[in-house]
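A.B. asks: What follows is a single structure, and I will ask about it in a moment.
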Amino acid sequence: MIGASLLTDQYELTMAASYHKHGMNGTATFDLFVRELPPNRNFLVAAGIEHAIDHLQSLSFEPDDIDYLSSLDLFDEDFLGFLGELRFTGEVWAMPEGEIYFGGEPLLSVTAPLIEAQVVETYLLNATTFPSSIASKSARLQIAARGRSFVDFSLRRDHGPGAGLLAARAAYIGGADATSNVLAGKRYGLPLTGTMAHSYVMSFDSEIEAFRTFARDFPTRAVLLIDTYDVEEGARRAAMVAEELRSEGVRLAGVRIDSGDLAVLTTAVRKILDESGCGDVPIFLSGDLDEYRIAELVDEGIPADAFGVGTQLGTSADAPALGGVYKLVADEHGPKMKTSTGKVSRPGRKQIFRCEENRYVEDILALAGEAPRNGRPLLHKVMENGTRTRAAESLDTMRDRCREGIARLPAHLRSLESSRAPYPVTLSTALAELTKEAATRTHG
602 MIGASLLTDQ YELTMAASYH KHGMNGTATF DLFVRELPPN RNFLVAAGIE HAIDHLQSLS
662 FEPDDIDYLS SLDLFDEDFL GFLGELRFTG EVWAMPEGEI YFGGEPLLSV TAPLIEAQVV
722 ETYLLNATTF PSSIASKSAR LQIAARGRSF VDFSLRRDHG PGAGLLAARA AYIGGADATS
782 NVLAGKRYGL PLTGTMAHSY VMSFDSEIEA FRTFARDFPT RAVLLIDTYD VEEGARRAAM
842 VAEELRSEGV RLAGVRIDSG DLAVLTTAVR KILDESGCGD VPIFLSGDLD EYRIAELVDE
902 GIPADAFGVG TQLGTSADAP ALGGVYKLVA DEHGPKMKTS TGKVSRPGRK QIFRCEENRY
962 VEDILALAGE APRNGRPLLH KVMENGTRTR AAESLDTMRD RCREGIARLP AHLRSLESSR
1022 APYPVTLSTA LAELTKEAAT RTHG
């Protein structure tokens, strides 16, 4: 979100004011990472990086921002003047969006003057952890659907309008084929999809009249909702409309079932459509679906062609938040390490190397500059001197990367349940030695 420099926690600014007062603005490096994977997650999908870069490149405190901060009687005029001139001048290394990643691995690393690197912490966490959560949920739906299409229907249940936009974008990266969110379609170029509501059907004197009208209004795009009254009778009426209007060039794009025993009803509807000469009309399912329910339906071999997923996708309902953190790992005095129980961070600037043999075998968390044999680096320089080093990728490129990454995961990590054998992320010898050395230092 450009122009959102105040979208931060107050303590970022009070720390920055103290740094400024005491002349502490040497070069510092912060890593942004998720300590542990949420329950039933064997991997995560990187998302939100481009928005983070946009924010850094446009970082500035506008005059009305400074006026507001001045009104708080918290900051002196010298610091406020400094903020008024502040721009991001640092360097950022990050994973490309759509990349598969794991706990403890930096999603991005920021190296900049301390104050610049500090004040952006909150925004960077907000911009990356929520989209990564949704992209990861979408990837699980992709696994469950096993080649069948699924789309994002989540906007009305997402946690605010802004979240709805980010969720639609992240869901597409993770594997959703389209979204119902029209603004997301405009802003991000996402494919749009939609059917009709029960209110539309109920607004007509009869169900078949509603179907007939909608089909004529959208002769190649109409997906008819057939569960307002009786599903099987709705399917018969949809087939009648398809046959009746075929000479007018009308071709149904599908029928949707949104309630009831989906397995039983889908089988019955498929038979009705086939026997009525509508074997080419797809069946679309929705109604509180998630990856577990979709996997069950696919396992039962039901003849559904596509799924619409709402609440469970746009809120990642079973794992609604990632424990993202942003930790100082080096400054002008050398490597830094947090040693709090259960919240240890690794010191030094880093690189991640992914070892592959047709499948992902192991990730090595190493110090920047190391080059383990056969390892593909996951962090790439995306900003230098406060400016992008490369153009933003297309969402389709990110989406393809995610799909390829999922295909290259070991089979047990594509399970919807937590694997007893987590993906191995090991430390290079150099990083292990630096971690041991940093942990033994006395602080105080």
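602 is the number of the first residue of the sequence shown in the numbering used here; add one for each residue after it.
Glycine included, C-beta positions come from ideal geometry on N, C-alpha and C.
#1: Would you kindly work out how many angstroms separate the C-alpha atoms of V962 and I1007, rounded to a whole number?
#2: Do V693 and S710 come within 8 Å of each other at the CB atom, strictly closer than that value?
#3: Below 8 Å, can you find three or more Cβ-Cβ pairs linking the segment 680-698 to the segment 711-719?
#4: Is S1029 near E971, with beta carbons less than 8 Å apart?
#5: Taking only three categories from DSSP, how would you classify M938?
#6: With DSSP run on the structure shown, which of helix, strand or coil describes H656?
#7: Starting from I884 and walking both ways along the beta strand (DSSP E), at which residues does that stretch end?
#8: Give the DSSP-derived three-state secondary structure of I903 in the structure shown.
#9: Going along the chain, which residues of its own chain have a beta-carbon closer than 8 Å to the beta-carbon of G880, five neighbours each way excluded?
#10: Flag this pair as yes or no: are the beta carbons of P732 and A769 separated by less than 8 Å?
#11: Distance check for S946 and T1036, CA to CA, integer angstroms please.
#12: Consult DSSP for L984 and reduce its assignment to one of helix, strand or coil.
#13: To which residues of the same chain is A1039 closer than 7 Å at the C-beta, ignoring the five residues directly before and after it?
#14: Would L638 pass as a contact of F689 if the rule is Cβ separation under 8 Å?
#15: Count the other CB atoms within 10 Å of the CB of Q611; is the residue buried (16 or more) or exposed (fewer)?
#16: Since E810 sits in a beta bridge, which residues does DSSP pair it with?
#17: DSSP state of F689, grouped into three classes?
#18: If I follow the unbroken alpha helix (DSSP H) through F634, where does it start and stop?
#19: Below 8 Å between beta carbons: does that hold for E697 and R1002?
C.D. replies: With the given structure in hand:
#1: For V962 and I1007, the distance between alpha carbons rounds to 13 Å.
#2: Taking 8 Å as the Cβ cut-off, S710 and V693 qualify as a contacting pair.
#3: Yes, the segment 680-698 touches the segment 711-719.
#4: Taking 8 Å as the Cβ cut-off, S1029 and E971 qualify as a contacting pair.
#5: For M938, the secondary structure class from DSSP, reduced to helix, strand or coil, is coil.
#6: H656 falls in the helix class under three-state DSSP.
#7: 884-886 is the extent of the beta strand (DSSP E) around I884.
#8: DSSP, reduced to helix, strand and coil, places I903 outside both helices and strands of the structure shown, so it counts as coil.
#9: Cβ neighbours of G880 beyond the five flanking positions: L874.
#10: Cβ distance not < 8 Å, so P732 and A769 don't count as in contact.
#11: When rounded, the distance between both Cα atoms is 9 Å.
#12: One detail in the question is off: residue 984 reads as Met in this sequence, not Leu. DSSP, read as helix, strand or coil, puts M984 in strand.
#13: So the list reads P936, M938, P948, once near-sequence residues are dropped.
#14: Cβ distance not < 8 Å, so L638 and F689 don't count as in contact.
#15: Result: exposed.
#16: Note: E810 sits in no beta bridge, so no partner.
#17: In the structure shown, F689 adopts coil according to DSSP, grouped into three states.
#18: For F634, there is no enclosing alpha helix (DSSP H); the enclosing beta strand (DSSP E) has its first and last residue at 628-635.
#19: With the sequence shown as reference, residue 697 is identified as Pro, and Glu is not the correct amino acid for it. Taking 8 Å as the Cβ cut-off, P697 and R1002 qualify as a contacting pair.
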